[in-house]
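So the sequence shown is numbered by the numbering used here: it starts at 525 and just counts up by one.
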Amino acid sequence: MRFFTLLALLGLLTACGINPSSTTEKGHPLSEYFYASELNSKDTLVFYAEQQEFENNKLIKPLPDTVLAKYVSPEIMARLNFTGNGEYFAANQFSLDSHTIACVILTRDNWFRMESLLLFNKKLKQYDRLVPVAQLYGGESGQIYTYSWLYRQDEAIYLFSKDIAHSIIMPTEENEEPVEKDDETNWLKKWHNGNFESIALPDSARGER
Numbered sequence: 525m526r527f528f529t530l531l532a533l534l535g536l537l538t539a540c541g542i543n544p545s546s547t548t549e550k551g552h553p554l555s556e557y558f559y560a561s562e563l564n565s566k567d568t569l570v571f572y573a574e575q576q577e578f579e580n581n582k583l584i585k586p587l588p589d590t591v592l593a594k595y596v597s598p599e600i601m602a603r604l605n606f607t608g609n610g611e612y613f614a615a616n617q618f619s620l621d622s623h624t625i626a627c628v629i630l631t632r633d634n635w636f637r638m639e640s641l642l643l644f645n646k647k648l649k650q651y652d653r654l655v656p657v658a659q660l661y662g663g664e665s666g667q668i669y670t671y672s673w674l675y676r677q678d679e680a681i682y683l684f685s686k687d688i689a690h691s692i693i694m695p696t697e698e699n700e701e702p703v704e705k706d707d708e709t710n711w712l713k714k715w716h717n718g719n720f721e722s723i724a725l726p727d728s729a730r731g732e733r
């Protein structure tokens with residue numbers, strides 16, 4: 525299936541992406557849980573919320589929910605754990621600008637996976653936003669995948685995301701086979717004035733069907 529090819533490609537891109545920094549990003553309460561990294565013009569950070577992200581990266585640390593709840597609002601906690609039984613893991617952290625630190629949090633609940641950017645505002649001295657960047661959920665008859673690529677180009681930071689709705693259409697006749705269907709939607713955002721703002725995609729990149 526095309527999904528396994530895509531996942532293999534994403535794994536390769538991740539291996540070529542952001543490298544851990546030798547320094548630690550200071551200035552926010554949860555900094556000790558996240559390993560420091562930098563986003564430069566040669567790096568692409570790929571989010572795909574698959575099991576190997578939790579198992580293969582030895583730098584990822586468990587993040588106790590009791591600790592997380594001390595520093596983020598109830599609204600952000602609810603968005604991180606809308607299933608009610610999630611486990612959290614802290615991955616890397618990096619600066620989006622001089623006032624904002626992005627912390628990559630992975631949520632796992634059984635087979636459900638989600639990745640989010642928890643943004644720390646240095647001016648307000650609080651975690652004030654959550655940006656979902658990847659997720660995997662669904663059942664045997666259909667799944668929803670979200671993947672994202674974060675990269676720097678021409679001194680600007682962009683977030684390109686792809687939604688893939690995978691479904692199986694069951695046959696109406698006995699001699700017919702089930703039909704697998706993928707619906708894709710892409711969108712692009714640019715980091716500007718402290719927010720990811722939606723911008724127009726080139727027609728060739730829309731992926732809408």
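Using N, Cα and C, we set each Cβ at its ideal position, and we do this for glycine too.
Q. Comparing the CB of E708 with every heavy atom of the ligand ZN, is any distance shorter than 7 Å?
A. The model on display carries no ligand, and the ligand ZN is accordingly not part of it.
Check: Hey, would you say D687 sits closer than 8 Å to E708, going by beta carbons?
Finding: If you number the sequence shown from 1, residue 687 lands on position 163. If you number the sequence shown from 1, residue 708 lands on position 184. Contact flag set, yes.
- Query: Is the number of C-beta pairs between the segment 579-589 and the segment 632-647 that are closer than 8 Å three or more?
  - Reply: By the Cβ test, the segment 579-589 is not in contact with the segment 632-647, since fewer than three Cβ pairs between them sit closer than 8 Å.
Assign E701 to one of two classes, buried (16 or more other C-beta atoms within 10 Å of its C-beta) or exposed (fewer than that). In the sequence shown, residue 701 corresponds to position 177, counting from 1. Exposed, by the Cβ-count rule.
Subject >> Neighbour flag for Y557 against chain C, beta carbons, 8 Å >> reply: Absent from the structure is chain C; it holds one protein chain and no more.
Looking at the unbroken beta strand (DSSP E) that takes in L592, where does it start and where does it end? Mapped onto the sequence shown, residue 592 falls at position 68. Premise fails: L592 lies in the alpha helix (DSSP H), D589 to Y595, not in any beta strand (DSSP E).
Self-check item: Local Cβ density within 10 Å of H552, reported as buried at 16 or more and exposed below that
Solution: For the purposes of this step, residue 552 is taken as the residue at position 28 of the sequence shown. Classification for H552: buried.
Length at least 3, wholly inside the segment 578-655: the beta strand (DSSP E) runs in chain order
611-621, 624-633 and 636-645
### Task
Assign Y671 to one of three DSSP states: helix, strand, or coil.
Numbered from its first residue, the sequence shown carries residue 671 at position 147. Here Y671 sits in strand by DSSP.
Is DSSP giving N719 helix, strand or coil here?
Counting from one through the sequence shown, the residue named residue 719 turns up at place 195. Reduced to three states, the DSSP call for N719 is strand.
* Contact under 8 Å by Cβ, S691 with G666 -> If you number the sequence shown from 1, residue 691 lands on position 167. If you number the sequence shown from 1, residue 666 lands on position 142. Contact: yes.
Neighbour-count burial assignment, A614, 16 or more Cβ in a 10 Å radius: Numbered from its first residue, the sequence shown carries residue 614 at position 90. Per the 10 Å Cβ criterion, buried.
Which value, in whole angstroms, describes the spacing of the CA atoms of L554 and S597? Working through the sequence shown from its first residue, we reach residue 554 at position 30. Working through the sequence shown from its first residue, we reach residue 597 at position 73. Answer to the nearest angstrom: the Cα atoms are 14 Å apart.
| query | Do I693 and L654 have their C-beta atoms within less than 8 Å of each other? | reply | Here the question's residue 693 lines up with position 169 in the sequence shown. Here the question's residue 654 lines up with position 130 in the sequence shown. Contact: no.
Query raised in the report: Quick one: what's Y572 bridged to in DSSP?
Result: On the sequence shown, position 48 is the one that residue 572 refers to. Answer is none; Y572 lacks a bridge partner.
- Query: What do you reckon, are the CB atoms on F636 and T590 nearer than 8 Å?
  - Reply: Taking the first residue of the sequence shown as position 1, residue 636 is located at position 112. Taking the first residue of the sequence shown as position 1, residue 590 is located at position 66. Taking 8 Å as the cut-off, the beta carbon of F636 is found no closer than this to the beta carbon of T590.
- Query: Based on Cα-Cα distance, which residue from N616, E611 and Q650 lies nearest to E556?
  - Reply: Against the sequence shown, residue 556 aligns to sequence position 32. The candidate whose alpha carbon is nearest that of E556 is N616.
For this session: Could you tell me which residues DSSP puts in a beta bridge with N710?
Result: On the sequence shown, position 186 is the one that residue 710 refers to. In DSSP, N710 forms a bridge with K686.
Using the C-alpha atoms, what's the distance from Y661 back to N717? Residue mapping note: residue 717 aligns to position 193 of the sequence shown, counting from 1. Residue mapping note: residue 661 aligns to position 137 of the sequence shown, counting from 1. Approximately 32 Å, taken between the alpha carbons.
Check: Can you tell me the Cα-Cα spacing of K646 and G663, whole angstroms?
Finding: Here residue 646 corresponds to residue number 122 of the sequence shown, with the count starting at 1. Here residue 663 corresponds to residue number 139 of the sequence shown, with the count starting at 1. Using only the alpha carbons, I get a separation of about 40 Å.
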